[in-house]
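**Student:**
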Amino acid sequence: MAASVTTRSYDHARTGANNSETVLTATAVRTKGIIKLFSIPIPDDPRLEAQPLAVGGVQAVNGQTHDLIFQASMGNWVYAFDAATGERVWATNLGRPIIGTSAIDGHMTNVNWGILSTPVIDEAAGILYACTWISDDGSVAKGQHFLAALRIRDGSLAHPLLNLEGAVYAPPGLPVQKFVSAQRKQRSALALTRNHVLIPFGTIAETSATARGWLLAVDVHAWRLAAAWCSTVTGAGGGLWQSGAGPAIGPDGSIYVITGNGAFSPQHGDFGESIVRLALHTGNHAHFEVVSWWAPWTDASRAGTAVHAIDDDEEPGPAVQRLPDRGDRPCEADGNGAQTSPCARDGTYCGHVRSRCDGCADRTGRGASHAGDERVDVG
Numbered sequence: 002m003a004a005s006v007t008t009r010s011y012d013h014a015r016t017g018a019n020n021s022e023t024v025l026t027a028t029a030v031r032t033k034g035i036i037k038l039f040s041i042p043i044p045d046d047p048r049l050e051a052q053p054l055a056v057g058g059v060q061a062v063n064g065q066t067h068d069l070i071f072q073a074s075m076g077n078w079v080y081a082f083d084a085a086t087g088e089r090v091w092a093t094n095l096g097r098p099i100i101g102t103s104a105i106d107g108h109m110t111n112v113n114w115g116i117l118s119t120p121v122i123d124e125a126a127g128i129l130y131a132c133t134w135i136s137d138d139g140s141v142a143k144g145q146h147f148l149a150a151l152r153i154r155d156g157s158l159a160h161p162l163l164n165l166e167g168a169v170y171a172p173p174g175l176p177v178q179k180f181v182s183a184q185r186k187q188r189s190a191l192a193l194t195r196n197h198v199l200i201p202f203g204t205i206a207e208t209s210a211t212a213r214g215w216l217l218a219v220d221v222h223a224w225r226l227a228a229a230w231c232s233t234v235t236g237a238g239g240g241l242w243q244s245g246a247g248p249a250i251g252p253d254g255s256i257y258v259i260t261g262n263g264a265f266s267p268q269h270g271d272f273g274e275s276i277v278r279l280a281l282h283t284g285n286h287a288h289f290e291v292v293s294w295w296a297p298w299t300d301a302s303r304a305g306t307a308v309h310a311i312d313d314d315e316e317p318g319p320a321v322q323r324l325p326d327r328g329d330r331p332c333e334a335d336g337n338g339a340q341t342s343p344c345a346r347d348g349t350y351c352g353h354v355r356s357r358c359d360g361c362a363d364r365t366g367r368g369a370s371h372a373g374d375e376r377v378d379v380g
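In the numbering used here, each residue's number is its place in the sequence shown (first place is 1) plus 1.
1) Whole-angstrom Cβ separation of residue 63 and residue 135, contact assumed at under 8 Å?
2) What is the DSSP secondary structure of residue 17, reduced to helix, strand or coil?
3) Evaluate residue 224 with the Cβ neighbour count: other Cβ atoms within 10 Å of its Cβ, from every protein chain shown; 16 or more gives buried, anything less gives exposed.
4) Keeping to the same chain, check which residues put their C-beta closer than 7 Å to that of residue 306; ignore five residues upstream and five downstream.
5) Quick check on the burial criterion: 16 or more other C-beta atoms within 10 angstroms. Buried or exposed for residue 255?
6) Could you work out which residue in 262, 93 and 24 is closest to residue 155 when comparing CA atoms only?
7) Hey, quick one: how far does the alpha helix (DSSP H) through residue 30 stretch, first residue to last?
8) Out of curiosity, what's the CA-to-CA distance linking residue 17 and residue 121?
9) Can you check which of these residues, 188, 206, 284 and 211, is closest to residue 243 by C-alpha distance?
10) Drop a sphere of 10 angstroms on the beta-carbon of residue 178, count the other beta-carbons inside from all chains shown, and report buried for 16 or more, exposed for fewer.
11) Closest by CA to residue 85, which one among 263, 2 and 252?
12) In angstroms, rounded to a whole number, what distance separates the CA positions of residue 198 and residue 184?
13) What three-state label does DSSP hand residue 187 in the structure shown?
14) So residue 203 and residue 240 are in contact, right, with Cβ under 8 Å, and what is the actual spacing, rounded?
15) In whole angstroms, what is the alpha-carbon distance linking residue 107 and residue 209?
16) So, using beta-carbon positions, are residue 385 and residue 171 closer together than 9 Å?
17) Roughly how far, in whole angstroms, is the beta-carbon of residue 102 from the beta-carbon of residue 141, given that I think they are within contact range, below 8 Å?
18) Taking the alpha-carbon of residue 297 as reference, which of 282, 159, 265 and 162 has the nearest alpha-carbon?
19) Does the distance from the CB of residue 282 to the CB of residue 289 come in under 9 Å?
20) From this set, 161, 206, 23 and 117, which residue's C-alpha is nearest residue 46's C-alpha?
21) Go to residue 148, then tell me how far its beta strand (DSSP E) extends in each direction, as first and last residue.
22) How would you write the range of the beta strand (DSSP E) that residue 83 sits in, first residue to last?
23) Using a Cβ-Cβ cut-off of 7 Å (strictly less than) and excluding sequence neighbours within five positions of residue 164, which residues of its own chain qualify?
24) Using beta-carbon positions only, say whether residue 105 and residue 115 come within less than 9 Å of one another.
25) How close, in whole Å, do the beta carbons of residue 261 and residue 238 come, if the pair is a contact with beta carbons under 8 Å?
26) Pull the bridge partners of residue 98 from the DSSP assignment, please.
27) Give me the Cβ distance between residue 250 and residue 13, rounded to the nearest whole Å; I'm assuming they're in contact under 8 Å.
28) Just mark residue 382 as buried or exposed, buried being the case when its beta carbon has 16 or more other beta carbons within 10 Å.
29) Identify which residue in 294, 128, 160 and 19 has its Cα closest to the Cα of residue 280.
30) If you compare alpha carbons, which of 55, 41 and 49 is closest to residue 7?
31) Excluding sequence positions up to five away, which residues of its chain have a Cβ less than 6 Å from the Cβ of residue 231?
32) Quick one: is the Cβ of residue 196 within less than 8 Å of any heavy atom of the ligand MN?
33) What number of angstroms, rounded off, separates the C-alpha of residue 218 from the C-alpha of residue 257?
34) How big is the Cα-Cα spacing for residue 195 and residue 32?
35) Determine whether the beta carbon atoms of residue 119 and residue 52 lie at a separation below 9 Å.
36) In this structure, does DSSP put residue 40 in helix, strand or coil?
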């Protein structure tokens, strides 16, 4: 295996590029083509939401070394397979999933609701982290989210399951928000930064008054919930979906998330339809800080009243952290929306916007826009 894949989209920047690939190169594909080696059946649920991950050279408990593929399922199983043969090396069940219901999915797509998001692997520590949705009786009402830590060599638990219920976000001068698992849906991939696992959440009912986006941080050394951030404090909405992608992490440790349709009023703690740059301050009083933000428009500024239920999400696509291409430009964050073209935003000064794309006027009310230019310079 040329390189391990320990997080969704290959890296913390969410580039989707494997720069270490030596076998599946463009030249090899063009001249030799590709063939299917084998298929790996997942027996507990016919559909997968999480993306597979891979780690090379894992020494199993029997002393043998394997290149392993890891797959989490909606049935709340995590599997490890030999990448060369497809043979199952181990399988671990994390608890009873929620039984498919229209209360979660109006299209009744999934049989079970267990692990929706792509896990993240700490290769040096040999630990895979996954967020699992467990219900004692299979009902939504009793469903709670837990973080699991599995040893990649054998699938055993490195820590007891950590219940995420009861996380609190208490912004100064604003209403305190409490995390309630039964109202949330955890779809975006996990991220690992500075010994903390980041867990983004959306909401089951996007149009409800309790709809909110959440980002939780778990200290993997202390094995405790360390920090929480809620994307809408006085309003509603702003789920963290990102088409299943995880938060992007910049070279300086900055965290970038993109929120869905929802209330927008930064002074009141509401960041619907926005790219938000966060800092995670660790230690005994760990917390998230909103460093900057950028938003392309506000429905509330248009004629009529705001209709936040309309799915004009800025955030279905992930934020992608890009390295500087000019000496005078800091890193940038790119985003795709449900009904917008990609735009580039300066990742350092997200809230200081000079907009140059028609229909993409920023919510700060500054800057002119020009048709045909889908790039936004932020300075």
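Glycine included, each C-beta is placed from N, C-alpha and C at the ideal position.
The model shown is predicted, which means the values in this text are computed figures rather than measured ones.
**Tutor:** The short version:
1) About 30 Å; that fails the 8 Å criterion.
2) coil
3) exposed
4) Residue placement at residue 306 is flagged as unreliable, the pLDDT there being 44, under the threshold of 50; the coordinate-derived value follows with that caveat. If we look at residue 306 and ignore the five residues flanking it on each side, it has no Cβ neighbours.
5) buried
6) 93
7) 27-33
8) 15 Å
9) 188
10) buried
11) 2
12) 21 Å
13) coil
14) 3 Å
15) 15 Å
16) Only positions 2 to 380 of the chain appear in this structure, which leaves residue 385 out of reach.
17) 6 Å
18) 265
19) yes
20) 117
21) 144-152
22) 78-83
23) 145 and 147
24) no
25) 7 Å
26) Answer is none; residue 98 lacks a bridge partner.
27) 4 Å
28) Outside the shown range of the chain, which is 2 to 380, sits residue 382, and nothing can be said about it.
29) 294
30) 55
31) 170, 178, 213 and 215
32) Within the structure as shown, the ligand MN is missing, as the structure has no ligands at all.
33) 14 Å
34) 42 Å
35) yes
36) coil
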